[in-house]
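The opening residue of the sequence shown carries number -4 in this note's numbering; numbering runs sequentially from there. Quick notes on the structure that follows.
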Amino acid sequence: MDNLLTNGRYRELIRHYRLDEPIYVTRPRMPSLEAYGDCLKHIWDTKWLTNNGLYHREFEKKLSRYLGVEHLNLFVNGTIALLVALQALRINSGEVITTPFTFPASTHVLHWNRVRPVFCDIDPKTYNIDPNKIEKLITPDTKAILGVHVYGTPCDVEAIQTLANRHGLHVIYDAAHAFGVKIGDRSILEYGDLSAMSFHATKLFTSIEGGALVSRTKVQAERIYYLKNFGIAGEETVIGPGINGKMNEFQAAFGLLELDIVDQEMRARRERTLLYRERLADVPGITVMQDMPNVTHNYGYFPILVDPAKYGCSRDELHDVFRACNIITRKYFYPLCSTYPCYSILPSAHKQNLEIAERISLQVLCLPLYGDLSRDTIEVICHIVRNLT
Ligand code: T4K
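Below, the structure is given as structure tokens:
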């Protein structure tokens, strides 16, 4: 890389395009400060800070309606929602088949529930767990399949459900990226037993930190409610070993206001995605994702794949050139979870079992994408990609 950054031509490109202010991979769309101030005033006046307050109740109701789901529990963040999902299904031993191409949280929640992750390779088109490779990983210890809708692209939910039904397995989805995604008219959150969402500040829809767990039945939703509230069922009644996963009023008020602007954000991101796709369509060695038929996408991320043999330089070199230009792209998700020291000793973590995931993790780069990102900046980013090699 030293060569690339010190090479006269690249130095010239970097000198020409270096931005004064950093451009981040994402930025949240902020609600009106005045409206949030009003909420803060209400919180101050009532002194009601957390524990199922007014904003929490309102947010849970409006969010369920927006997403088109019946049973939704809010959480303090997406990781605790996932952690509780396994508890809700009583999965606290054995194995769960999952993808290595994800954020650490998806795998760590298995470990925290004393479950052994079994890594399965991914589909080269969707970058999600490949259902064709799941069956051979099923053993008498397998309890569930944990899929992740990476970048909001749906997993092959029908194929996964067919497999799960055949083998009596639960299906959990990490839907951290999948806010608002639909297959036909049906929310992606309505597939599998449970879907966990994240509303972190880096997500297209945010409540600062936050998350939710979407379940199929009222009974499940009630169990989840107790699990996220210490198992408390009354002032003198604790019915099980719950944890504290509650969202507070500051988050809930923020989330409520975000609901009013998320469509605008999605539209803006879609426009920017289309511009990127147009500008990068014919760059040899650069692959961009396309929309899937019958899917409503949310345009949360803009990943590209960099094939070094065809493009002429590696993903890491492109990343470093961007960094030198003050453009902060991110390698979501490199390294693979299967390579972390805590999991790399597992038999399923062997590289030869995960060839596609390994390749994608070495080639993927998420370019900046958010509603306020200017078209001029996208032109600069695409110009760098087109002219680097
Ligand atoms: N499952 C999946 C598949 C996930 O991707 C995630 C989270 C989870 C589960 C767990 O959900 P949570 O428990 O987080 O709810 C970020 C986020 O921290 C993480 O939530 C997210 N996935 C992951 C994909 O991205 P980092 O380490 O890349 O974040 P950071 O701090 O480097 O932020 C990235 C950029 O975002 C910054 O360069 C600028 C911008 N940013 C960030 C923050 C925090 C802002 O503009 N404002 C902000 O407040 O992990």
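Glycine is no exception: its CB is placed at the ideal position from the N, C-alpha and C atoms.
Quick check on the DSSP output: what are the complete beta strand (DSSP E) runs of length 3 or more inside the segment 74 to 113, in order along the chain? Fully enclosed beta strand (DSSP E) runs of 3 or longer: 90 to 93.
Report yes or no: do the segment 14 to 27 and the segment 318 to 327 share at least 3 C-beta pairs separated by less than 8 Å? The segment 14 to 27 vs the segment 318 to 327: in contact.
Which class does P298 belong to by DSSP, given the choice of helix, strand or coil? Correct three-state label for P298: strand.
By Cβ distance below 8 Å, which residues in the same chain neighbour A216 in space, the five residues on each side in sequence not counted? Excluding its 5 nearest sequence neighbours in each direction, A216 has C-beta neighbours in its own chain below 8 Å: H66, L67, N68 and S210, listed in chain order.
Rounded to whole angstroms, what's the CA-CA distance from Q156 to Y306? Just pull it up for me. Computed Cα separation, rounded: 38 Å.
Under 7 Å from any heavy atom of the ligand T4K, does the C-beta of N87 make it? The ligand T4K has no heavy atom closer than 7 Å to the beta-carbon of N87.
Three-state secondary structure (DSSP) of G142: In this structure, G142 counts as strand in the three-state DSSP scheme.
Which residue wins for smallest C-alpha separation from V359, given the options F96, Y12 and Y338? Among F96, Y12 and Y338, the Cα nearest to that of V359 is on F96.
Cα-Cα separation, G280 to E273: In a straight line, the C-alpha of G280 is about 15 Å away from that of E273.
Might you give, ordered along the chain, the residues of its own chain that have their beta carbon closer than 7 Å to the beta carbon of A30, omitting 5 neighbours on each side? Closer than 7 Å at the Cβ level, and outside the excluded window around A30, lie L252.
Based on Cα-Cα distance, which residue from F70, Y365 and A248 lies nearest to R262? Cα-wise, what sits closest to R262 is Y365.
I203, enclosing beta strand (DSSP E) - first and last residue: Element bounds for I203: n/a, residue is neither H nor E.
Please indicate yes or no: does the CB of R325 lie closer than 7 Å to some heavy atom of the ligand T4K? For the ligand T4K, at least one heavy atom lies less than 7 Å from the Cβ of R325.
Is D169 a contact residue of the ligand T4K, with contact defined as CB to any heavy atom under 7 Å? Using a cutoff of 7 Å, the CB of D169 counts as near the ligand T4K, since one of the ligand's heavy atoms is closer than that.
Which residues in the same chain have their Cβ closer than 8 Å to the Cβ of M(-4), if we skip the five residues on either side of it in sequence? Here M(-4) scores only 49 on pLDDT, less than 50, and its place in the model is too uncertain to base an answer on.
Is it a yes or a no for the segment 136 to 145 touching the segment 275 to 290, going by three-plus beta-carbon pairs under 8 Å? No, they do not touch.
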